[in-house]
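Q:
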């Protein structure tokens, strides 16, 4: 194996990692504000992936265009979920929240199984086998587009939280719950908005993901775990941390798949998680909370 | 010994004692009444009652949320199965070998996490990470046949061999029943002990517990190690009951989740919650299976959807679990501790 093979695999890993990062960003936003760990995160992404597959086969529109309506659908789903089901749980103990979201995850996986069957579905875009060559570097077109789209969506999200009034209000809720109540913010509505935004992130990431991997009903739990690994590695609640974590895990998985065997790649991701939790529990970019 | 018994039986109200005796009588007589299918269901119920009880030591008593308990059962199952298939060492000696392995694994996870004050959600995810690490590791470990699975020889048996755990379902049933009651008794002794009170203090408010002079690190370590050691028997039992071990099934996150659904539905931190929860959930899953078959619905996944909806309903309607409410109904609620 020569150096340029490593380089190509690494670049592919980084591009996939950007999409991972966007997916994890959704989880991070939800946890950072609502303080609920979304144990159905990967399952929500698989909903988005199936939406992309169906839309592609029915109206033949590219997943990167359809990611806008898909993100909108997931936003509504996330908003309704938080407003209708999760809000009473925000003060309950973690195991209770865990059970609620695990039950939801079980329902999502099996409804997808009933509707779509167990076989893998895929999106065959016209550029699925294209690639760009830059010197020794050969980059998959699909991964490049997906990674670029992930950067755009993440940038929009950062701008939203930084510059809009609602974004600031949401950050205020995250910083100081009581303070937010005192100044008259409708915290429950902002929580629902936040959950919707987190779901929209994972929805957009799901649409991009269809360019990179096939979708089956049972991939949900794998990606839920992956999102945890990324978010904790980067720092739970830190938005840039989630992206950095995504890059790191994407890169690690790609290189581990090359150096060892692809089936062992997530072991290295978990290895990184264990190391981070032990030596820097707050994550790479996280702030230590006491 | 007498003091132990006193601690176990002491403080039981006559009503509780009578209900408990009735339950024991019914469970002892069950194999004479039910058919083999129902007996297998009962074995699964007891299995989850047992693992739930073991998990409850860590979460229900000491307040440490473990979402990777499959690792302790899985390691123990593999230890016993390897000793049996490679060296012909029987399950009971295998169990004695498996306990320190599971306990050591618990000690490592606990030590690393509690030393670096990894707590709450972070601790829960660390436990998942270790279980996943084990799953993928065993998937690539040729010594235990990797992902192809490790099989125990299934020979024709003419009589029940308790020493080698080879026999008919009734034998396995009584073994698991004994284990379940042993775990219940152990938990009652533990929760009434000095350590039990320390655990509850840590669960309720760790900072306050430390301020009151409790060595929280040490008692959290005890909780993990005891919980892991108790869980290990379930792993050995699983190996000899099913006669096959696949890393995917043994260490998978869904296995860990199955283990903890019972106690959460039944009532976290209660002594009888894990048993009730296992009973409710397993019979729910089985009856959904039968009901769908009766209606001629043959959709893979339909059963699981209903199961998920029922879980959702219980967790929304009964935040404390089923047992605390049922206990008040039966008039056997424990006095406020």
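Protein chains in written order, with my numbering: chain G, 1 to 290; chain V, 1 to 337.
All C-beta atoms, glycine included, are put in the ideal place defined by N, C-alpha and C.
This one's a predicted model, so the numbers in the text were calculated from it and none came from an experiment.
Would you tell me roughly how many angstroms separate the C-alpha atoms of residue 43(V) and residue 252(V), rounded to the nearest one?
A: 21 angstroms
Q: Just to confirm my understanding: we take residue 324(V), look at its own chain, exclude 5 residues before and 5 after, and list those with CB closer than 6 angstroms. What are they?
A: For residue 324(V), where only same-chain residues beyond five positions count, the Cβ hits under 6 angstroms are 267.
Q: Going by C-alpha to C-alpha distance, which of 233(G), 278(G), 4(G) and 78(G) sits closest to residue 189(G)?
A: 78(G)
Q: What are the residues in the region 156-179 of chain V lying within 9 angstroms of chain G by C-beta distance?
A: none
Q: Per DSSP, which residues does residue 232(G) bridge with? Please list them.
A: Answer is none; residue 232(G) lacks a bridge partner.
Q: Assuming residue 139(V) and residue 247(V) are in contact, meaning their beta carbons sit under 8 angstroms apart, how far apart are those beta carbons, in whole angstroms?
A: 5 angstroms
Q: May I have a chain-ordered list of the alpha helix (DSSP H) segments no shorter than 4 residues that lie completely inside the region 231-312 of chain V?
A: List check, alpha helix (DSSP H) in window: 247-251, 253-266 and 273-294.
Q: Under a Cβ-count criterion, where at least 16 other Cβ atoms within 10 Å of its own Cβ denotes burial, should residue 37(V) be classed as buried or exposed?
A: exposed
Q: List, in order along the chain, the chain G residues whose C-beta lies closer than 9 angstroms to that of residue 65(V)?
A: 93, 94, 95 and 98
Q: The beta strand (DSSP E) with residue 205(V) in it runs from where to where?
A: Careful: residue 205(V) lies outside any beta strand (DSSP E) and carries neither H nor E.
Q: If you count every other CB in all the chains shown that lies within 10 Å of the CB of residue 108(G), and 16 or more means buried, which is it?
A: buried
Q: Kindly list, in the order they appear in chain V, the residues whose Cβ is closer than 7 angstroms to that of residue 230(G).
A: Residues of chain V passing the Cβ test: none, with the nearest at roughly 11 angstroms.
Q: Does the pairing of the region 26-37 of chain G with the region 225-239 of chain G give three or more beta-carbon distances under 8 angstroms?
A: yes
Q: Which one of 212(V), 240(V), 129(V) and 245(V) has the shortest CA to CA distance from residue 148(V)?
A: 245(V)
Q: Check the Cβ of residue 270(G) against every Cβ in chain V and list those closer than 7 angstroms, keeping chain order.
A: Those are 129, 132 and 133, listed as they occur along chain V.
Q: Reducing DSSP to helix, strand and coil, say where residue 273(G) ends up.
A: helix
Q: In chain order, what residues of the same chain lie with their CB nearer than 6 angstroms to the CB of residue 65(V), ignoring the 5 residues before and after it?
A: 59 and 124
Q: Can you look up residue 61(V) in the DSSP assignment and give me helix, strand or coil?
A: helix
Q: Go ahead and pull the three-state DSSP assignment for residue 119(G).
A: coil
Q: Could you please tell me which residues of the region 77-108 of chain V, in chain order, have their CB closer than 7 angstroms to any CB of chain G?
A: none
Q: Give a yes or no on contact between the region 209-227 of chain G and the region 144-151 of chain G, applying the rule of three or more CB pairs nearer than 8 angstroms.
A: yes
Q: Taking CB distances under 7 angstroms as the criterion, tell me whether residue 116(V) reaches chain G.
A: yes
Q: When the cut-off is 7 angstroms and only beta carbons count, does residue 187(V) lie next to chain G?
A: It does not; no Cβ of chain G falls within 7 angstroms.
Q: Counting only the same chain and skipping the five closest in sequence on each side, list residues whose C-beta sits under 7 angstroms from that of residue 20(G).
A: 226, 230, 246, 249 and 250
Q: Can you list, in chain order, the residues of its chain whose CB lies under 8 angstroms from that of residue 337(V), leaving out five sequence neighbours each side?
A: Annotation note: pLDDT 40 at residue 337(V) (below 50); position unreliable, coordinate value reported separately. Same-chain partners within the cutoff: 200.
Q: Step through the CB atoms of chain V and report whether any lies within less than 7 angstroms of the CB of residue 38(G).
A: Not closer than 7 angstroms to any Cβ of chain V, the Cβ of residue 38(G) fails to qualify, so no.
Q: Would you mind reading off the limits of the beta strand (DSSP E) that contains residue 132(G)?
A: Element bounds for residue 132(G): 131-134.
Q: In the DSSP assignment, what residue or residues form a beta bridge with residue 163(G)?
A: Residue 163(G) pairs with nothing; no bridge assigned.
Q: By the 8 angstroms beta-carbon criterion, what residues does the region 240-269 of chain G contribute toward chain V?
A: 261, 263, 264, 266 and 267
Q: Measure the CB-CB distance between residue 63(V) and residue 228(V) and report whether it falls below 7 angstroms.
A: no
Q: Give the C-beta separation of residue 94(V) and residue 80(V) to the nearest angstrom, bearing in mind that I take them to be a contact with Cβ-Cβ under 8 angstroms.
A: 3 angstroms
Q: Residues of chain G with a CB under 7 angstroms from the CB of residue 302(V): which are they?
A: The answer, in chain order, is 114.
Q: Buried or exposed: residue 55(V), going by 16 or more other Cβ atoms within 10 Å of its Cβ?
A: With 16 or more Cβ atoms within 10 Å of its Cβ, residue 55(V) is classed as buried.
Q: Buried or exposed: residue 82(G), going by 16 or more other Cβ atoms within 10 Å of its Cβ?
A: buried
Q: Taking 7 angstroms as the CB-CB cut-off, is residue 120(G) touching chain V?
A: no
Q: Below 8 angstroms, how does it come out for the region 60-75 of chain G and the region 268-275 of chain V: are there three or more Cβ pairs, yes or no?
A: no
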